[in-house]
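What follows is a set of notes on a single structure, which appears directly below.
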Amino acid sequence: MRYGRLFAGLCLLLQVGGGVCAHAADGGPVKLRYCVDPDWPPYEIINPKGEHEGIAADLLKMVAKRAGIQLELVPTRDWEDSLAAARGGRCQALSFLNSSPARQEWLSFTEPLLADPNVIVTREDHPYVADLAAEGAKTMVLPAGTSVEERVRRDFPRIAITVVESEAEAFAMVSAGKADMTLRSMSVAVFTIKKDGMFNLKVSGQVPGYENRLRVGLRKDAAEFVPALDRAIAGLTSDERRETLNRHVSITIKPPLDWRVVGAIATGVLLIVVILVQRVRLSVVARNRALSELTLEFRQRQEMERFLSMLTHELKRPMSVLRLLLGGAELPPRNRAFAEGAVMDMNRLLEHCLQVDRLDQGVVSVCRAECGVTEIVAEAAEATGLAERFRLDLDDDLVLMTDRTLLRSIMDNLFINATKYSPSDSPIGVTVRTEWRDDTPGIRFTVENACGPAGHPDPARVFQRYYRAPLASKTSGSGLGLYLVRGLSRSLGGETALVSSHPAMVRFDLWLPF
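Residue numbering for the sequence shown follows the numbering used here, beginning at 5 and increasing consecutively.
Shown next, in the form of structure tokens:
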């Protein structure tokens, strides 16, 4: 008894001096009751067996073992319940959270166990967010009870915040178009998008100073644990942190990235896709010639569709991850533009292959509805990222009864062709007027640009599949864009033509009936 009291007194002196005893007075380890977010993968979850798992769990176990502290998990329903449990004293610590002024009023924080950038996640069609303050009245969805919510409300009062129960729900709302964006950690974004297949999402930027610095937060009456935990955290190596991340998020980020390698990979993927699609198509054509039975021909077409579907699905996954890496990395503008352009080229080639296959099989679906022409043309110009080069001359309130998706695809291909094969600082003229042809009313779209280094295209071959001008080899392209333009315009009852009005200018006319 006497020695037990002496040990307890010594322990009290050490605590006053800023440490934590490795063992309690009865000889056992010091216990720390802690709460977690039970549904925050890959950082942490409580599994069906009631065990703490994830990045936070692994790091915290290493730190506690080195500090001589025995962890005792207090199960909770959700993060809000964990905060309430810590405030009420049911647990002494919260495992993995950012420090904030509001939290510092009742919690003491350790040094960070992990630093992870917060990134802005939007749908694919959203432009890059260089300055969140300049975004205006956008909607952002965030899980309840996060420090990010507290900071965004303070720093960006024009952003309308919607609060949901979980990370997965936040990403799902952005994916479904019910919110413009969310602001979450890079690790959580990569994990959730890959796990749930939300490949219409991308990283659109970062907010300076919003890095996650995830710590252990302890109630003020348990602050004596902080020095021992800090000493153990200081002993964590970068390799230990990296190995822990890679166990739960199958992605490795190793700065600096060699963007020449990224470009080579992108070029290689493009070549592989073209070769594979061409080989399969040639194989199908050869077999069709040899086989006369319609049932076999039908099976071959199904085989081609399944192959293209598989190819698109499998390549979109690495492209989505690459897009996430590009969005989260700090890059010089030139390198960012080069890498993002390579990803866009891969994605565009896949879409072209699928559309060409549908055209060749005569299965293009046309869903006609009233479409605002001005809106579609403006959107297509904006999507090139070079809207300042376009000079739009449109009649007001023009409406077409046509398929919006197919018309947008036609305009995208015409505009991309104009930006690629004209001098980089030259204007691109777009004129839209009503025009009658053979007693049929319609609308004529004219896209005109100056000839670039590739020169004037051959009028007899410009709409042929895989045609490219002899001097166009330095510009990336598949030779499918204008082939699709003519095929899709005919599907809509119209026509496209190259008009050689001037040797130094290239002009395409598209006419569609009302």
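Just so it is clear, CB atoms sit at the ideal spot from N, CA and C, and this is done for glycine as well.
According to the DSSP secondary-structure assignment, I165 is paired through a beta bridge with M144.
In the three-state scheme derived from DSSP, where H, G and I count as helix and E and B as strand, K424 is classed as helix.
Taken through DSSP and simplified to helix, strand or coil, A454 comes out as strand.
Excluding its 5 nearest sequence neighbours in each direction, R408 has C-beta neighbours in its own chain below 7 Å: A373, C375 and I380, listed in chain order.
As the crow flies, the alpha-carbon of R412 is around 7 Å from that of A384. Checking the DSSP bridge columns, you'll see S493 has no partner listed. Here G201 is exposed. Its C-beta has fewer than 16 other C-beta atoms within 10 Å. Assignment of L117 by DSSP, reduced to helix, strand and coil, places it in the coil class. If you draw a 10 Å sphere on the C-beta of A60, you find 16 or more other C-beta atoms in it, and that means buried.
Under the three-state reduction of DSSP output, D62 falls in the helix class. For R94, the closest of D159, E57 and D225 by C-alpha to C-alpha distance is D225.
Within 10 angstroms of the beta-carbon of P42 lie 16 or more other beta-carbons, which makes it buried. By the C-beta criterion, the region 388-396 is judged to be in contact with the region 419-439, since at least 3 inter-stretch pairs fall below 8 Å. With contact defined as three or more Cβ pairs closer than 8 Å, the region 455-468 and the region 485-498 are in contact. Secondary structure at L411: helix, using DSSP grouped into helix, strand and coil. DSSP places A501 inside the beta strand (DSSP E), whose first and last residues are E499 to V503. In the three-state reduction of the DSSP assignment, W83 falls in the helix class. Per DSSP, reduced to three states, the secondary structure at T388 is coil, with no helix or strand assignment. If you draw a straight line from the Cα of S189 to the Cα of M66, it comes to about 22 Å.
Contact annotation: V145 and T114 have beta-carbon atoms that are not nearer than 8 Å. Taking the CA atoms as reference points, T80 sits about 8 Å from V40. Straight-line measurement puts the Cα of I420 at about 21 Å from the Cα of S495.
By the criterion of a C-beta distance shorter than 8 Å, E169 is surrounded in its chain by D82, P147 and A148, once the five residues flanking it on both sides are discounted.
Between A68 and the set K182, R235 and V211, the nearest pair of CA atoms involves R235. Beta-bridge pairing by DSSP links F203 to no other residue. Residue state for V368 is assigned as coil, using DSSP reduced to three classes. For E153, the enclosing alpha helix (DSSP H) has its first and last residue at S151 to D159.
The Cβ-Cβ distance between V78 and Y38 falls below 8 Å.
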